[in-house]
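Participant:
There are 2 protein chains.
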Amino acid sequence: MERSDRTLIIIGGKEDRSNNKVILGEVARRVGSGKLVVTTVAMANGTDQLFEQYDKAFRSLGVKHLYHLEINDRQEATIPNKVRILDDATGVFFTGGDQIKITSQIGDTPIFKRIREIYDDGGVIAGTSAGAAVMSETMLVVGGDEQSHVIGGAVRMAPGLGLVDGVVIDQHFMERGRFGRLIGAVAQNPKNLGIGIDEQTAIVVERGNGFYVLGSSAVYVIDGTEVTYSNIAEEDLKKTLSIYNVRMHMLSQGDRFDLINRVPRQMRGRAAEKLPEKEEEHSAQPA
Amino acid sequence: MERSDRTLIIIGGKEDRSNNKVILGEVARRVGSGKLVVTTVAMANGTDQLFEQYDKAFRSLGVKHLYHLEINDRQEATIPNKVRILDDATGVFFTGGDQIKITSQIGDTPIFKRIREIYDDGGVIAGTSAGAAVMSETMLVVGGDEQSHVIGGAVRMAPGLGLVDGVVIDQHFMERGRFGRLIGAVAQNPKNLGIGIDEQTAIVVERGNGFYVLGSSAVYVIDGTEVTYSNIAEEDLKKTLSIYNVRMHMLSQGDRFDLINRVPRQMRGRAAEKLPEKEEEHSAQPA
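Chains X and R supply the protein sequences, listed in that same order. Residue numbers for the first sequence follow this note's numbering, so the first one is 1 and each next one is one higher. Residue numbers for the second sequence follow this note's numbering, so the first one is 1001 and each next one is one higher.
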């Protein structure tokens, strides 16, 4: 496989695993006849049941070579037998759970080095929920749901796996009211583009320089390039954030985003036709 | 009183009624020695208990002339005895409840005409929650919490009282995850600026052409002037909204916004010094 094929599929959580499976279908399509490893490193308990769900889903989508990589502590991430599960893999899927479990247990281990190689060799690395958050250099950890960002607020950030540069990713985005915390992350350093991904929705990052949207809900891009003022550096930690002139794009299936030039555009022609039917599970009823 | 003093105080809900009372304090300060009428027209039940809370709060803030205007159906809004409660009033406060109750019961009645006169004569009209939503020409009614806007989604809009032009107001903003529905409203017609007000937070609109922020959380301004593309007019009602190049400002106490030129700026000098201490009830802990 060529290096230029490398792909990240970053999923906002709750992707469909039993009906249309639009998003998992894209993972399967890209893995093709290759080998897919599903890792439940983000989870402490119930890993077998969760793997079974994905096993069933991916097999129904035609994936033939499917393996489970379970890692319960950092020491396990160095065991040759565990690393060997990733031999010849062309795809890795991170389930949901706790993003700190992922980074603290595999960061800078032979397991991660191997995953990085799979990606650089043109593989597909996918992750949902916690598995989505770890894709960026800086990841959002806990706090800040359904509230506006306070300068000294409870949102914690931690170093992620760094598979995609220059972005901070948040998931379960509109469902958990996370606009405030993502804009707080962008205010801290506008070099990072904020990308908020709704449930049942994913971004497919191709060659690290752009993405398109897949799934039934929305992806929000928060661009701080033109910000003229923010009070984020103020000493009063109880002060609510102020930030002027943020550029924002709300994207849905059929939209692309150029990460280099930070511009959205519609998919047209053959690119758009290749998109699967949008899933219908998304309800328009109020919660 | 001069016409140029006319003021709207538009509150995102859950304003403090028993401690610092920063926001109600501003209502009281502007009413001064005048007469304040609290109307519970938005509520069907429990109006007496609600009025008592405001009565206690406003009296503790020095308001001496305080009256309760209760309206249970549209016919009552035409009764001279009810209209007379507003005689000589210099301030009117709309409590929370149901915004459709307010507009359907007093829209185009002698009660509303009198309220409009009070405003135009330089009075202060304040409203919280449902009482905030009714201030604009178009108001958001129900639906769309914690989800991204779908073109044929469940958000309903209705004509408001129209005391402030060119804006759509939403309240309980970050707390109820209403970003999606407000951006949907702006997409429908970007001539309207979207203003999302958090709980315990208010905008003070002076002379109808600008506002400043008061209270402990944030106010979001969504400006669609520069939008280059949106799919809002598509026929597929299940499609999730796409919209490119929205300008967004997140404002907190100490910020002003010019509604004519659509630009934010910091309050400085005497204007900033007149601001009360920000309330401390706002918690930085995750929900």
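Even glycine gets a Cβ: it sits at the ideal position worked out from N, Cα and C. The structure displayed is predicted, hence computed values, not measured ones.
Listed in chain order, which residues of the stretch 1136-1154 of chain R have Cβ atoms closer than 7 Å to some Cβ of chain X?
Facilitator: V1142, G1143, G1144, D1145, E1146, Q1147, S1148, V1150, G1152, G1153, A1154
Participant: When the distance is taken between beta carbons, is G1215/R closer than 9 Å to I1011/R?
Facilitator: Your numbering for residue 1011/R matches position 11 in the second sequence. Your numbering for residue 1215/R matches position 215 in the second sequence. Cβ atoms of I1011/R and G1215/R: closer than 9 Å.
Participant: Please list the partners that G194/X has in chain R, where partner means a Cβ-to-Cβ separation under 7 Å.
Facilitator: The residue given as residue 194/X occupies position 194 in the first sequence. Ordered by position in chain R, no residue passes the 7 Å Cβ test against G194/X, which lies about 11 Å from the chain.
Participant: Look at I195/X and D170/X and say whether their C-beta atoms are less than 9 Å apart.
Facilitator: Taking the first sequence and counting its residues from 1, one reaches residue 195/X at position 195. Taking the first sequence and counting its residues from 1, one reaches residue 170/X at position 170. Yes, these two residues count as a Cβ contact at 9 Å.
Participant: Hey, could you find the ends of the alpha helix (DSSP H) K82/X is sitting in?
Facilitator: Taking the first sequence and counting its residues from 1, the one referred to as residue 82/X is at position 82. Unbroken alpha helix (DSSP H) run through K82/X: 80-84.
Participant: Buried or exposed: where does G153/X fall if 16 or more other Cβ atoms within 10 Å of its Cβ makes it buried?
Facilitator: Here residue 153/X is taken as the residue at index 153 of the first sequence, counted from 1. It is buried - the Cβ of G153/X has at least 16 other Cβ atoms within 10 Å.
Participant: Considering Cα atoms alone, identify which of V1246/R, G1166/R, M1174/R is closest to G1146/R.
Facilitator: In the second sequence, residue 1146/R corresponds to position 146, counting from 1. What sits at residue 1146/R in the sequence shown is Glu, not Gly. Cα-wise, what sits closest to E1146/R is M1174/R.
Participant: Taking the beta carbon of E1199/R as the centre, do at least 16 other beta carbons fall within 10 Å, making it buried, or is it exposed?
Facilitator: By 1-based counting over the second sequence, the position of residue 1199/R is 199. Buried: at least 16 other Cβ atoms inside 10 Å.
Participant: Does the pairing of the stretch 1054-1065 of chain R with the stretch 1027-1041 of chain R give three or more beta-carbon distances under 8 Å?
Facilitator: yes
Participant: So, helix, strand or coil for I111/X, using DSSP?
Facilitator: What you label residue 111/X is simply residue 111 of the first sequence in a count that begins at 1. Correct three-state label for I111/X: helix.
Participant: With a threshold of 8 Å, are at least 3 pairs of Cβ atoms found where one atom belongs to the stretch 30-45 of chain X and the other to the stretch 62-81 of chain X?
Facilitator: yes
Participant: Going along the chain, which residues of its own chain have a beta-carbon closer than 6 Å to the beta-carbon of R17/X, five neighbours each way excluded?
Facilitator: Locating residue 17/X in the first sequence gives position 17, counting from the first residue. So the list reads Q53, A57, once near-sequence residues are dropped.
Participant: Going by the beta-carbon positions, is the gap between T1078/R and T1047/R smaller than 9 Å?
Facilitator: Position 78 of the second sequence, counted from the start, is the residue given in the question as residue 1078/R. Position 47 of the second sequence, counted from the start, is the residue given in the question as residue 1047/R. Not a contact, by the Cβ cut-off of 9 Å.
Participant: When the Cα atoms are used, what is the spatial distance from I71/X to N81/X?
Facilitator: By one-based count along the first sequence, residue 71/X stands at place 71. By one-based count along the first sequence, residue 81/X stands at place 81. Computed Cα separation, rounded: 11 Å.
Participant: Going along the stretch 162-181 of chain X in order, which residues come within less than 7 Å of chain R, judged by CB to CB distance?
Facilitator: M174, E175, G177, F179, G180
Participant: Exposed or buried, what is L1008/R when buried is set at 16 or more other beta-carbons lying within 10 Å of its beta-carbon?
Facilitator: Position 8 of the second sequence, counted from the start, is the residue given in the question as residue 1008/R. With 16 or more Cβ atoms within 10 Å of its Cβ, L1008/R is classed as buried.
Participant: Counting C-beta neighbours from all protein chains within 10 Å, is the total for K1101/R 16 or more, i.e. buried, or is it exposed?
Facilitator: If you number the second sequence from 1, residue 1101/R lands on position 101. Buried, since its Cβ has 16 or more Cβ neighbours within 10 Å.
Participant: For M1250/R, which residues in the same chain have their Cβ closer than 6 Å to its Cβ, ignoring the five residues on either side in sequence?
Facilitator: Taking the first residue of the second sequence as position 1, residue 1250/R is located at position 250. Answer for M1250/R: A1218, Y1220, listed in chain order.
Participant: Check the Cβ-Cβ distances between L1214/R and every residue of chain X, and say whether any is below 9 Å.
Facilitator: Start at 1 with the first residue of the second sequence, and residue 1214/R comes out as number 214. Output row for L1214/R: interface = no.
Participant: Spatial neighbours of L1069/R within its chain, please: CB distance less than 6 Å, with the 5 preceding and 5 following residues excluded, ordered by chain position.
Facilitator: Taking the second sequence and counting its residues from 1, one reaches residue 1069/R at position 69. Same-chain partners within the cutoff: V1037, T1039, I1085.
Participant: Would you report the Cα separation of N1189/R and V186/X, rounded to the nearest angstrom?
Facilitator: Numbered from its first residue, the second sequence carries residue 1189/R at position 189. Numbered from its first residue, the first sequence carries residue 186/X at position 186. About 28 Å.
Participant: In terms of DSSP beta bridges, what is G1046/R paired with?
Facilitator: Position 46 of the second sequence, counted from the first residue, corresponds to residue 1046/R. When DSSP reads this structure, G1046/R sits in no beta bridge, so it has no partner.
Participant: Does the beta-carbon distance from P140/X to V168/X come in below 9 Å?
Facilitator: The residue you call residue 140/X lines up with position 140 of the first sequence. The residue you call residue 168/X lines up with position 168 of the first sequence. Reading off the sequence shown, one finds Leu at residue 140/X, where the question assumed Pro. Result yes, Cβ atoms of L140/X and V168/X sit closer than 9 Å.
Participant: Establish whether the CB of A1271/R and some CB of chain X are separated by less than 9 Å.
Facilitator: Residue 1271/R sits at position 271 when you count from the first residue of the second sequence. Cβ-Cβ to chain X under 9 Å: no for A1271/R.
Participant: Check whether the Cβ atoms of S1242/R and G254/X sit closer than 9 Å, and answer yes or no.
Facilitator: Here residue 1242/R is taken as the residue at index 242 of the second sequence, counted from 1. Here residue 254/X is taken as the residue at index 254 of the first sequence, counted from 1. Taking 9 Å as the Cβ cut-off, S1242/R and G254/X qualify as a contacting pair.
Participant: Return the chain-ordered ranges of every alpha helix (DSSP H) run that is complete within the stretch 179-250 of chain X and spans a minimum of 4 residues.
Facilitator: Counting only runs of 4 or more residues that sit fully inside the stretch 179-250 of chain X, the alpha helix (DSSP H) segments are 179-188, in chain order.
Participant: Rounded to the nearest angstrom, what separates A1284/R and G177/X at their Cα positions?
Facilitator: As a first step, residue 1284/R must be located in the second sequence, where it is residue number 284. As a first step, residue 177/X must be located in the first sequence, where it is residue number 177. Reliability of the predicted coordinates at A1284/R is poor, the pLDDT of 39 falling under 50, and no value is obtained from them.
Participant: Got a sec? Which residues, its chain only, sit under 6 Å from D98/X by beta carbon, not counting five neighbours each side?
Facilitator: Within the first sequence, the letter at position 98 stands for residue 98/X. Taken in chain order, the residues that qualify are A42, A130.
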